[in-house]
Every structure is written in structure tokens, then in C-alpha cells.
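Engineer: Residue numbers (the numbering used here): 63 to 490. Glycine included, each C-beta is placed from N, C-alpha and C at the ideal position.
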Ligand code: SF4
Ligand code: SF4
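1. What is the DSSP secondary structure of residue 296, reduced to helix, strand or coil?
2. Verify whether the separation of the beta carbon atoms of residue 249 and residue 264 is less than 8 Å.
3. Examine ligand 2 and report whether any of its heavy atoms sits within less than 7 Å of the Cβ of residue 431.
4. Does the beta carbon of residue 348 fall short of 7 Å from some heavy atom of ligand 2?
5. What first and last residue would you give for the alpha helix (DSSP H) that runs through residue 331?
6. Is residue 174 near ligand 2, with its Cβ less than 7 Å from a heavy atom?
7. Determine the closest residue to residue 295 out of 231, 172 and 382, with distance taken between C-alpha atoms.
8. DSSP state of residue 381, grouped into three classes?
9. If distances are taken between C-alpha atoms only, which option among 340, 405 and 304 comes closest to residue 379?
10. Determine the DSSP secondary structure at residue 212, reduced to helix, strand or coil.
11. Taking any heavy atom of ligand 1 as the mark, which residues have a C-beta closer than 5 Å to it, listed down the chain?
12. What does a CB cutoff of less than 8 Å around residue 491 pick up in its chain, not counting 5 residues either side in sequence?
13. For residue 137, count neighbouring Cβ atoms within 10 angstroms of its own Cβ and tell me buried if that reaches 16, exposed if not.
14. For residue 349, count the other beta carbons within 10 Å of its own beta carbon; 16 or more makes it buried, fewer makes it exposed. Which is it?
15. Compute the Euclidean distance between the alpha carbons of residue 403 and residue 262, then round it to the nearest angstrom.
16. Give the secondary structure of residue 267 by DSSP, where H, G and I count as helix, E and B as strand, and everything else as coil.
17. Quick one: grab the DSSP three-state call for residue 393.
18. Measure the C-alpha to C-alpha separation of residue 182 and residue 206 and round it to an integer number of angstroms.
19. Under 8 Å, do residue 339 and residue 366 count as touching if we go by C-beta distance?
20. Return the chain-ordered list of same chain residues with a C-beta closer than 6 Å to the C-beta of residue 204, the five sequence neighbours on each side being excluded.
21. Tell me, please, which residues DSSP counts as bridged to residue 191.
22. What are the boundary residues of the beta strand (DSSP E) that includes residue 357?
23. Which same chain residues, not among the five before or five after residue 425, have their C-beta less than 7 Å away from its C-beta?
24. Let's see if you can read the secondary structure: which residues bound the alpha helix (DSSP H) around residue 258?
25. If we count the other Cβ atoms within 10 Å of its Cβ and call it buried at 16 or more, is residue 191 buried or exposed?
26. Does residue 121 come out as helix, strand or coil in the three-state DSSP assignment?
27. Extract the residue ranges of the alpha helix (DSSP H) inside the segment 430-487, only unbroken runs of 4 or more that lie entirely within it.
28. Rounded to the nearest angstrom, what separates residue 306 and residue 457 at their Cα positions?
See below:
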């Protein structure tokens, strides 16, 4: 049944130079601009339980994934190794941007928001927005790297290749993911030079080397809303967006969060949670660290990602990723339905050793598939040491055990610098 249009959202076209698009939002999809949050809770959790990266917080499963992937998906393991050698110099460059300085003096009182936006779009960024650099989202291990005086965040999204992404989970899609990272690196260099030429400093975050979770800033900058799949649903390419942030103290004007109707739309879609091979996406929303969201179960996701080329079924089956938000919302207004729902075209996917899964069918996994060490690898080494010390008889062997423990601990801490999966995250 057709729906009444509540309002329209105007956005720049998908590529630089394209006409603007007007997205009709049905009246029954209206909710909150951005994401529902409780500001005081975000502050409380930041103070009492500071955010930390997956690479640090879940380093035990990162090491586990390296071994398991080698057996289960050797070609993916090889691709990740190749990507790591390409991304290492990029990460070194990203770390060095905090020391770089402007190459000109700023024009007094001149707002440079649109100059930066135009330049970024011209370089190929699909989405560009400006917001406050909210320091509550900085990982504990990254605080020492952040230039504290840069108060603004420029949020930049690059579109990953469309065709390759539709084959998720696959090696092709992961190659496209890696190519998007390399594209981000090239474009950020040019944009940073441009900001320097305007007379302002700029620190670049991403790919791979991030200050913290970036989605909250993108939502705040009006570049999309948080989907049930835990990803940013941006207007033109949904979650097929690779995110980057440049912090600066340039004279700019902040954008505002937008209600694209995504929060309510997800409540009637739920394709990602129904199609997830690991049953890792919780349909019911919870309040977590001051944000209302569908919480993803890491213990059920990572074992699937590890064995199936980073998985990404939740990205592949999302109609906003597949058809773009303007089409999704127009179809909803005309029919009251979710475009592509229950179709093989949108919901079908294959797993190499298990075959094709049409809508309504999910794979089954053998016992032990989801067994995975949790927490930090150094804590596991410590637990093992404690147990073995208790088993020792007197002082015999205590010194040898201490040497072994120190070697294992060094190894565990060093391996935190290995990028998680396809360079999604990197330890301190
Ligand atoms: S990556 Fe795969 S297993 Fe993980 S949440 Fe998405 S669909 Fe589920
Ligand atoms: S698949 Fe549906 S429920 Fe999941 S994020 Fe996309 S729109 Fe939201």
C-alpha cells in the first residue's frame, strides 16, 4: 500500500558534477535525525570504561583467526598478507601526518567548508561532511597520537566497487575492499595538501589506522544513519562505504544529522539479521554505551568472517547498499514494501564449501565452529603462566617457565600491530 511522503531530503549526486537528488521519506519512517543517543551515558562510559580497538581488546581471537584462516581459506590469507605489505607504508604515512604543518597562511575570517567539500568531491569522495571531533570516541591506545588542538572532523566516504561487492563473500569482494583502501590513501594525501595550502593543519585517520569508531561522526555530519547491520547506511552506496576522517582546526561550518528514515526502515526490513550465516545480528535493539542499536555478537561473527573471506553477507543483502537509498525510499513510498525482499537477487549468497543459500535457508556449521578464544592475548598468556606456576613443584623449573612466559608475552604484544582481517583495525 502506498505511503504518504512526510518530507524530502536533498543530497548532492553520487559523483562530482552529478545533479542533486531528492529522496522522498515516507511519513511513517520519520524518527530521530542521526541515531538515538543519551549523551550523559556516552560520557559516563567514556570515563569509566574507555573505548578500545578490536585489535587490542580481542587480540586473542586475531591470533586465532590468523591460524584458522591459513587452513580454511589459504587464498584469503595470501591476499591479506599482500594487502598488509601494501598498507604498511600507508599506515606509517598516516602516523606521520600529526607532525605535518600548513604550507601557507590562512585567509583571516574566510570559511573554507565549501572549498574543502568541492575539492574532496573532485578527488572522488562520494560523501563529505563536517562535524565536531568528539573526543569521547577515541580509543584509549590512540589518545597519545591525537593532535588535541584539532577540533573539527571532516568525514569522507569512498565507494567500494559495486560489482565485486555483490559477490560477497568472495575473494573478489575482498580485493575490491583492499583497492578502496589504497584509493583512500592517495586521495587523502591530495586533500591534506589542499588543506595545508589553505593555511590549516590536518591529521589523517584511515584506512586501517583509526582514532576510534568513525560511524558516530559520520552520522553526526549527516552522511547516513546506523543500520541494523552495524554499518553506516550512506545515501548513495549504503554500507559499501569505506570511511576516513581528517581532523583540522580550519574555519569550517558543521553539518547536521539527518533523518533519512533508515532507523524505522530497518525495523521493517531486517534482511541482514535474517540472512547472517552466523546468526550474529540481534534483531532487538538495546542501549549500549549510550546508543540505541542492534548489537552484533562478535563471537558468532568472527568465526564466519575468518573462514569465508571476511563474510560481509550483511553488506551484500542490504537493499540500501544494493539499490541506493533514493530507489529504496521511492519504492517504499509507492508500495509500502522493502525493495528486493525475499528475492534471490538480493538475499541469495554462496559459501564455497556449503553451496548456495536462497532466501529462507541458512547454512549449518559443525560443532566447535564458534569456539574461539576471547579477550586479550596477553591475558591468556598470563592465565596459562599462573596455572603452570601452581602445578610446579617448589622452585624447580620456575626460571625456565618465566623465560618462556616473557617470550610469549612479547610475541603477543607485538602481534597486536597486525591488521585485523582486511586492514579493518590496527592495535596501538
Ligand atoms: S560479517 Fe557475516 S557473520 Fe558477521 S554479521 Fe555480517 S553476515 Fe553475519
Ligand atoms: S538489511 Fe535492512 S535491516 Fe539490515 S541494515 Fe540494511 S536496511 Fe537495515
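Structural biologist: On the basis of the coordinates in this document:
1. Numbered from 1 along the chain shown, position 234 holds the residue referred to as residue 296. Strand.
2. Reading the chain shown from its first residue, position 187 is the one you call residue 249. Reading the chain shown from its first residue, position 202 is the one you call residue 264. Between residue 249 and residue 264, the gap from beta carbon to beta carbon reaches 8 Å or more.
3. Sequence index remark: in the chain shown, residue 431 carries index 369 (1-based). In this structure, residue 431 has its CB at a distance of at least 7 Å from all heavy atoms of ligand 2.
4. The sequence position of residue 348 within the chain shown is 286, counting from 1. Not under cutoff, so the answer is no.
5. Here residue 331 refers to the residue found at position 269 when the chain shown is read from its first residue. Segment 324-331, the alpha helix (DSSP H) holding residue 331.
6. Position 112 of the chain shown holds residue 174. No.
7. Translated into the one-based positions of the chain shown, residue 295 becomes position 233. Among 231, 172 and 382, the Cα nearest to that of residue 295 is on 382.
8. Position 319 of the chain shown, counting from 1, holds the residue named residue 381. DSSP, reduced to helix, strand and coil, places residue 381 within a helical segment of the structure shown.
9. In the chain shown, the residue the question calls residue 379 occupies position 317. Sorting 340, 405 and 304 by C-alpha distance to the C-alpha of residue 379 places 405 at the top.
10. In the chain shown, residue 212 corresponds to position 150, counting from 1. Residue 212 falls in the coil class under three-state DSSP.
11. Going along the chain, the residues that qualify are 338, 340, 342, 363, 366, 373, 375 and 376.
12. What is shown of the chain runs 63 to 490, which leaves residue 491 out entirely.
13. Looking up residue 137 in the chain shown gives position 75. When all chains shown are included, residue 137 counts as exposed.
14. To locate residue 349, count along the chain shown from 1; it is residue 287. So residue 349 ends up on the exposed side.
15. To locate residue 403, count along the chain shown from 1; it is residue 341. To locate residue 262, count along the chain shown from 1; it is residue 200. C-alpha separation (whole angstroms): 47 Å.
16. Reading the chain shown from its first residue, position 205 is the one you call residue 267. The answer is strand: DSSP assigns residue 267 an E or B state.
17. Numbered from 1 along the chain shown, position 331 holds the residue referred to as residue 393. Taken through DSSP and simplified to helix, strand or coil, residue 393 comes out as helix.
18. By one-based count along the chain shown, residue 182 stands at place 120. By one-based count along the chain shown, residue 206 stands at place 144. Taking the straight line from one Cα to the other gives about 28 Å.
19. Translated into positions along the chain shown, residue 339 becomes position 277. Translated into positions along the chain shown, residue 366 becomes position 304. Closer than 8 Å, so yes.
20. Taking the first residue of the chain shown as 1, we reach residue 204 at position 142. These residues qualify, in order along the chain: 273.
21. Along the chain shown, read from residue 1 onward, the residue named residue 191 stands at position 129. Residue 191 is bridged to 217.
22. As a working mapping, residue 357 is identified with position 295 in the chain shown. Taken as a continuous stretch (DSSP letters only), the beta strand (DSSP E) holding residue 357 covers 353-358.
23. Counting from 1 along the chain shown, the entry for residue 425 is found at position 363. Closer than 7 Å at the Cβ level, and outside the excluded window around residue 425, lie 339, 413, 416 and 419.
24. Your numbering for residue 258 matches position 196 in the chain shown. 233-259 is the extent of the alpha helix (DSSP H) around residue 258.
25. Against the chain shown, residue 191 aligns to sequence position 129. Under this definition residue 191 is a buried residue.
26. Looking up residue 121 in the chain shown gives position 59. Here residue 121 sits in helix by DSSP.
27. DSSP runs (the alpha helix (DSSP H)) wholly in the segment 430-487: 439-453 and 460-476.
28. Your numbering for residue 306 matches position 244 in the chain shown. Your numbering for residue 457 matches position 395 in the chain shown. It is roughly 53 Å from the alpha-carbon of residue 306 to the alpha-carbon of residue 457.
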